[in-house]
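K.L.:
Residues in the sequence shown are numbered from 1 upward in steps of one, following this note's numbering. Where a beta carbon is used, it is the ideal one built from N, C-alpha and C, also for glycine.
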Amino acid sequence: MGTAIAVVGTAGGVVMLLWASMGAGWGAIWAAMPMAAMMIAVSVGISVLIRLALKIEANTSRLHGVTHELCERLEDYHRTLTAIAENTALSDSAKSIVSRAKEREALRGVIHEEIRKEDFESVFHLIDDLEQRLGYRDEAERLRQETREECAEAFRSKLKAALEHVTKLLGARRWGHAGREIERLEKLMPNEPRVRELWELLETRRDEYKQVLMGEWNKAAGESNVEKGIELLGELDQYLTGDEARALQSTAREFYKERLQQLGVQFQFAVKEKRWRDGLAVALQIIEDFPNARMAAELRERLEALRTRAGIPTNVEVTARSEAASPASP
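1. Applying the criterion that 16 or more other CB atoms from any shown protein chain within 10 Å of the CB defines a buried residue, is L170 buried or exposed?
2. Where does R173 sit, in a helix, a strand or coil, going by DSSP?
3. Counting C-beta neighbours from all protein chains within 10 Å, is the total for V265 16 or more, i.e. buried, or is it exposed?
4. Let me know if D278 comes out buried or exposed under the rule of 16 or more other beta-carbons within 10 Å of its beta-carbon.
5. Given a cut-off of 9 Å, decide if A221 and T251 are closer than it, judged by their beta-carbon atoms.
6. Assess, as a yes-or-no matter, whether the region 178-185 is touched by the region 211-225 under the definition of 3 or more beta carbon pairs within less than 8 Å.
7. My guess is that W175 and L143 are in contact by the Cβ rule of under 8 Å, so how many angstroms apart are they, rounded?
8. Beta-carbon separation of L159 and E131 under 9 Å?
9. For I286 versus F267, is the C-beta distance shorter than 9 Å?
10. So for Q360, helix, strand or coil by DSSP?
11. Go to M295, then tell me how far its alpha helix (DSSP H) extends in each direction, as first and last residue.
12. Would you mind giving the Cβ-Cβ distance between L263 and V282, rounded to the nearest angstrom? I have them listed as a contact below 8 Å.
13. Spatial neighbours of W199 within its chain, please: CB distance less than 7 Å, with the 5 preceding and 5 following residues excluded, ordered by chain position.
14. Could you pull out every unbroken alpha helix (DSSP H) segment of at least 4 residues lying fully inside the region 171-237, listed in chain order?
15. Whose C-beta lies closer than 6 Å to the C-beta of M189 among residues of the same chain, with five residues either side of it excluded?
16. Run through DSSP, which three-state label would L159 get?
17. Going by the CB atoms, is the gap between F120 and E150 shorter than 9 Å?
18. Apart from the five residues on each side of it in sequence, which residues of its chain come closer than 7 Å, Cβ to Cβ, to R205?
19. Could you tell me the alpha carbon to alpha carbon distance between A245 and K228, rounded to whole angstroms?
20. Following the continuous alpha helix (DSSP H) through T277, name the residue where it begins and the one where it ends.
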């Protein structure tokens, strides 16, 4: 539009120039023609320049707008990417925290299970892993203290049970079994003084019972209670030293002689009364208790006859105990 105004303005100027020249004649008109052409050319050039300037201005404005928009978008992209990066870092951190928390819970469960099984060596290794790999130092120290307490309590409980068990064995006079149990405990608890004291307790209890037996023996000897005396001699045998056994030898020999005579009398009465089963039982007892006696040798020769009279088949094994328990024959 600016170009059109410029051309119109230029054309008006040319017309006015020619009109002014007409008053001077055709010669003046012809003289004014080049000037008019120049003015038209200048006018057209100015018009082109104006249009070009307007286009440049429009393009510059548009380019500025595009550039500004691009900058805004880049800024938006930058903010978005920054947010994504921050969220990603936060997500990885959160995942790491969650993973460590889950692993800690799993380790806790394993640790308490091992404590329950009293595998304390394994427990301390797991606690070290909790501290060194996962970084839970305070919790690791707390678990160590808890484990030490559990370990001490387990030890006290085991020791108490072991002491009670040995005490029961001593009460039942199972000296050999008690001694083996004490040896086992010494291997498990080599530094425990209460275990070492069990040996002294064993000897004390054993000696106390020995004195009880000796008291009963002396009473039986004083009362000439042969049956009780022989019974006590059999039990005293494991307690007596060589000197103690020799001290009892004379009385013991008299008791055994008297006992053999008593059994011989019982056998004679059983045979006389034809109580063959009772006679067989007594004969077997004599052979068993006094294997080197002459009476025992004589009875061995008569066993088959006694078996036949007692009505016991030859394929049935007989012993003093079983025959003694059998009912007397009529």
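P.N.:
Based on what the coordinates show:
1. Looking up residue 170 in the sequence shown gives position 170. Buried.
2. Position 173 of the sequence shown, counted from the start, is the residue given in the question as residue 173. R173: coil per DSSP, three-state reduction.
3. The residue given as residue 265 occupies position 265 in the sequence shown. The residue is exposed, with fewer than 16 neighbouring Cβ atoms inside 10 Å.
4. Residue 278 sits at position 278 when you count from the first residue of the sequence shown. Label assigned to D278: buried.
5. Position 251 of the sequence shown, counted from the start, is the residue given in the question as residue 251. Position 221 of the sequence shown, counted from the start, is the residue given in the question as residue 221. The Cβ atoms of T251 and A221 lie closer than 9 Å to each other.
6. no
7. Counting from 1 along the sequence shown, the entry for residue 175 is found at position 175. Counting from 1 along the sequence shown, the entry for residue 143 is found at position 143. The pair is not a contact, with the Cβ atoms about 44 Å apart (cut-off 8 Å).
8. Here residue 159 corresponds to residue number 159 of the sequence shown, with the count starting at 1. Here residue 131 corresponds to residue number 131 of the sequence shown, with the count starting at 1. It is not a contact, given that the beta carbons lie outside the stated cut-off.
9. Mapped onto the sequence shown, residue 286 falls at position 286. Mapped onto the sequence shown, residue 267 falls at position 267. Result yes, Cβ atoms of I286 and F267 sit closer than 9 Å.
10. Since the first residue shown for the chain is 1 and the last is 330, residue 360 is missing from the structure and cannot be characterised.
11. On the sequence shown, residue 295 is found 295 positions in, with the first residue counted as 1. From DSSP, the alpha helix (DSSP H) with M295 extends over 294-310.
12. One-based indexing of the sequence shown puts residue 263 at position 263. One-based indexing of the sequence shown puts residue 282 at position 282. 6 Å between Cβ atoms; contact.
13. On the sequence shown, residue 199 is found 199 positions in, with the first residue counted as 1. These residues qualify, in order along the chain: I182.
14. If only uninterrupted alpha helix (DSSP H) runs of at least 4 residues are considered, those enclosed by the region 171-237 are 175-188, 193-222, 226-236.
15. On the sequence shown, residue 189 is found 189 positions in, with the first residue counted as 1. Cβ within range, chain order: V195.
16. Along the sequence shown, read from residue 1 onward, the residue named residue 159 stands at position 159. In the structure shown, L159 sits in a helix (DSSP, three-state: H, G or I).
17. Position 150 of the sequence shown, counting from 1, holds the residue named residue 150. Position 120 of the sequence shown, counting from 1, holds the residue named residue 120. A contact, by the Cβ cut-off of 9 Å.
18. As a first step, residue 205 is located in the sequence shown; it is residue number 205 there, counting from the start. Counting only Cβ-Cβ distances below 7 Å, and skipping sequence neighbours, we find L170.
19. Translated into the one-based positions of the sequence shown, residue 245 becomes position 245. Translated into the one-based positions of the sequence shown, residue 228 becomes position 228. Computed Cα separation, rounded: 17 Å.
20. Residue numbering aside, residue 277 sits at position 277 when the sequence shown is read from its first letter. What sits at residue 277 in the sequence shown is Arg, not Thr. Segment 276-289, the alpha helix (DSSP H) holding R277.
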